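Those protein sequence lines, which keep their order, are chains A and B.
No gaps in the numbering here: position 248 of the first sequence is 248 in this note's numbering, and each next residue is one more.
Remember, this note's numbering sits 281 above the position in the second sequence when you count from 1.
Protein chains: 2
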Amino acid sequence: MSELNLLSTHKLFNGQQRRYHHYSSVNQCNMNFSVYLPALALQGYRRPVLYCLGGLTCTDENFSIKSGAQRYAAEWGIVLVMPDTSPRGKDIADAVVYNLGQGAGFYVNATNQPWAQHYQMYDYVVSELPQLIEKHFPVNNQRSLCGHSMGGHGAIMIGLKNPHYYLSVSAFAPIAHPCASNWGQEAFTTYLGLNQAQWYQYDSTELLQQSVPTNLSILIDQGSVDEYYPSQLLPHDFVNTAASKGWNIRFNMRDGYDHSYYFVSSFIESHIGFHATAFGL
Amino acid sequence: MSELNLLSTHKLFNGQQRRYHHYSSVNQCNMNFSVYLPALALQGYRRPVLYCLGGLTCTDENFSIKSGAQRYAAEWGIVLVMPDTSPRGKDIADAVVYNLGQGAGFYVNATNQPWAQHYQMYDYVVSELPQLIEKHFPVNNQRSLCGHSMGGHGAIMIGLKNPHYYLSVSAFAPIAHPCASNWGQEAFTTYLGLNQAQWYQYDSTELLQQSVPTNLSILIDQGSVDEYYPSQLLPHDFVNTAASKGWNIRFNMRDGYDHSYYFVSSFIESHIGFHATAFGL
Chain A
1 MSELNLLSTH KLFNGQQRRY HHYSSVNQCN MNFSVYLPAL ALQGYRRPVL YCLGGLTCTD
61 ENFSIKSGAQ RYAAEWGIVL VMPDTSPRGK DIADAVVYNL GQGAGFYVNA TNQPWAQHYQ
121 MYDYVVSELP QLIEKHFPVN NQRSLCGHSM GGHGAIMIGL KNPHYYLSVS AFAPIAHPCA
181 SNWGQEAFTT YLGLNQAQWY QYDSTELLQQ SVPTNLSILI DQGSVDEYYP SQLLPHDFVN
241 TAASKGWNIR FNMRDGYDHS YYFVSSFIES HIGFHATAFG L
Chain B
282 MSELNLLSTH KLFNGQQRRY HHYSSVNQCN MNFSVYLPAL ALQGYRRPVL YCLGGLTCTD
342 ENFSIKSGAQ RYAAEWGIVL VMPDTSPRGK DIADAVVYNL GQGAGFYVNA TNQPWAQHYQ
402 MYDYVVSELP QLIEKHFPVN NQRSLCGHSM GGHGAIMIGL KNPHYYLSVS AFAPIAHPCA
462 SNWGQEAFTT YLGLNQAQWY QYDSTELLQQ SVPTNLSILI DQGSVDEYYP SQLLPHDFVN
522 TAASKGWNIR FNMRDGYDHS YYFVSSFIES HIGFHATAFG L
């Protein structure tokens with residue numbers, strides 16, 4: 001078996017949407033991811049990469065099918081990488097609720113069993129997957145992150161922890177202060193245990209509280225009628241902390257928009273353009 | 282129960298994506314459809330309508346989620362209506378194969394039992410649904426049709442049969458000569474019986490053969506690596522007949538594109554623009 005196994009390929013906006021299957025060493029199981037290669041990349045030019053992180057219950061395919069991002073990635077010549085949101089399989093630990101287990105990896109390295117064996121999504125997204133991408137595809141060393149909901153948490157958290165590895169992060173309706181929301185508390189208790197010091201290392205608002213501002217560009221969009229906004233997402237905790245710490249972030253409240261991919265698709269053009277600016281395109 | 286029951290609504294590109302449930306008199310069962318209302322329509326301006334017909338196995342949601350059409354409908358102020366592709370339910374006749382029965386109504390009025398009782402999709406799309414739309418939504422009397430695969434067959438066939446009711450038709454990878462393809466032959470035998478004279482009234486190429494050119498604008502896009510292109514779709518039968526009869530149609534072969542919605546989304550902008558021109562926008 002080769003390192004990457006191509007599952008499907010579709011021509012899309014003069015580039016290619018591909019899906020791959022591969023063995024993940026850090027997760028110790030097979031994983032899927034999708035990638036969009038714009039025409040310039042297919043011609044061999046090394047292009048910047050935007051990692052697009054999905055939310056609860058999603059696979060790599062939700063962002064691929066629903067966001068509409070490829071149209072703008074094609075215009076700017078940006079490679080998109082859509083990882084899965086957790087390890088998966090019948091031999092992989094799972095939970096009966098939608099917000100834990102398969103489809104809900106929360107982009108952390110689990111330390112609690114039975115999760116620790118396979119749920120190493122932080123290392124997967126930050127290290128293993130970029131190494132694979134940079135080995136197999138025509139990309140340069142410009143990397144950014146985008147995400148929706150749980151993936152928005154992942155994008156901001158990963159960006160804040162690695163500000164010299166990523167140029168920009170953007171999020172739609174991120175779980176911006178997981179230590180203070182039920183979703184985050186349940187996930188962190190499950191994957192990390194009860195020591196809250198372990199939680200803080202994966203909490204965007206807590207990380208920001210401990211930070212000094214860097215050049216990392218941060219953009220957040222939040223729908224005003226998102227049912228999860230007041231209870232689970234808490235973007236204002238993040239925004240207020242950013243202000244108090246001297247970070248210059250962009251935060252847009254979007255009147256009347258909800259939590260769905262219809263919201264994401266309505267504003268994805270501005271997010272791709274934001275990253276294009278960070279890439280100097 | 283009111284005539285239209287709202288199932289969901291999402292703000293999208295400053296307009297609204299809605300899904301409705303209603304009782305269909307012609308199909309004698311409940312049906313779903315989706316509608317996209319651009320901001321101008323929400324403000325009460327009567328706008329043109331584009332009916333978007335789905336392909337085999339699809340519901341109203343495939344085009345809604347995957348085509349990306351709403352972005353361009355928002356720009357032009359066009360209302361989109363996405364009907365389902367058949368009646369559905371446990372009491373509705375069905376088949377074990379994907380190309381017949383539920384999800385595969387082929388936009389005909391079935392005359393064979395057990396299909397005739399509920400499968401009256403031609404009358405539903407041409408009469409009942411437009412009457413509902415024109416009663417309940419701010420639309421004017423400008424109507425056009427767009428469709429994918431089986432829906433492309435539906436769009437062209439319905440347009441040719443009603444050239445004074447529709448201004449333009451466009452199709453992605455249409456089943457353009459169903460009487461000469463297995464999909465079409467199986468559907469027409471099942472729904473209409475063995476009398477081929479009945480088939481011809483629903484076959485775009487046969488209808489064109491019997492026609493005189495009208496002002497109806499026709500656009501077809503076909504992917505060159507579409508697996509169904511040579512065996513089931515047969516667009517050249519339609520294109521050659523159009524040429525012989527003096528119709529001026531636009532036909533684009535799209536190099537490297539397949540049959541998926543990734544193909545549709547790559548060219549939907551040009552189709553919406555084509556209809557906008559027909560609407561005089």
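Idealized CB from N, CA, C, for every residue including glycine.
Please read these numbers as outputs of a predicted model, since none were measured by experiment.
C460 (chain B) carries a helical assignment under DSSP once its states are collapsed to helix, strand and coil. Taking the Cα of N521 (chain B) as reference, the smallest distance to any Cα among B:L500, B:S547 and B:Q490 is reached at B:Q490.
Rounded to the nearest whole angstrom, the C-alpha separation of D341 (chain B) and L40 (chain A) is 35 Å.
Closest in C-alpha terms to A461 (chain B), from the list B:P516, B:L473 and B:G358, comes B:P516. M253 (chain A) and I218 (chain A) have their C-alpha atoms spaced approximately 15 Å apart. It is roughly 18 Å from the alpha-carbon of H399 (chain B) to the alpha-carbon of L413 (chain B).
For N343 (chain B), the secondary structure class from DSSP, reduced to helix, strand or coil, is helix. For H275 (chain A), the enclosing alpha helix (DSSP H) starts and ends at Y261 to A278. For the stretch 294-322 of chain B, the set of positions with a beta-carbon nearer than 8 Å to some beta-carbon of chain A reads F294, N295 and Q298 in chain order. At least 7 Å separates the beta-carbon of Q102 (chain A) from that of L12 (chain A). For H540 (chain B), the nearest beta carbon of chain A is not closer than 7 Å to its own beta carbon.
The criterion of a C-beta distance shorter than 7 Å is not satisfied by Y23 (chain A) and L6 (chain A). Annotated three-state conformation of K11 (chain A) is strand, per DSSP. Assignment of beta-bridge partners to I218 (chain A) by DSSP yields A:V169. Distance check between L37 (chain A) and each of A:Q28, A:T214, A:C29 and A:R47 places A:R47 closest, using alpha-carbon atoms only.
Every alpha helix (DSSP H) stretch that sits fully inside the stretch 484-532 of chain B and reaches 4 residues is listed by chain position as 485-490 and 516-526. If one requires a minimum length of 4 residues, the alpha helix (DSSP H) runs lying completely within the stretch 345-397 of chain B are 350-357, in chain order. Non-local C-beta neighbours of Q120 (chain A) in its own chain, meaning closer than 6 Å and more than five positions away in sequence, comprise V26, N27 and N109, ordered along the chain. Contact annotation: in the stretch 136-155 of chain A, no residue has its CB less than 9 Å from a CB in chain B.
L426 (chain B) carries a strand assignment under DSSP once its states are collapsed to helix, strand and coil. By the Cβ rule, the stretch 351-360 of chain B counts as touching the stretch 539-553 of chain B, because three or more pairs are nearer than 8 Å. For P130 (chain A), no beta strand (DSSP E) segment is defined; the enclosing uninterrupted segment is the alpha helix (DSSP H) at L129 to H136. Looking at the backbone, the Cα of V493 (chain B) and that of K526 (chain B) are separated by about 7 Å. Boundaries of the beta strand (DSSP E) around L53 (chain A): R47 to L53. Contact between M157 (chain A) and L56 (chain A) is absent: CB atoms are separated by about 15 Å, not below the 8 Å threshold. Contacts with chain B at 7 Å (Cβ-Cβ) do not include I268 (chain A). With the rule of 3 Cβ pairs closer than 8 Å, the stretch 255-264 of chain A does not count as touching the stretch 184-196 of chain A. The continuous stretches of alpha helix (DSSP H) do not include Y400 (chain B), and DSSP gives it neither H nor E. Taking the CA atoms as reference points, W183 (chain A) sits about 41 Å from L331 (chain B). Within the DSSP secondary-structure output, V316 (chain B) pairs in a beta bridge with B:R299 and B:V362.
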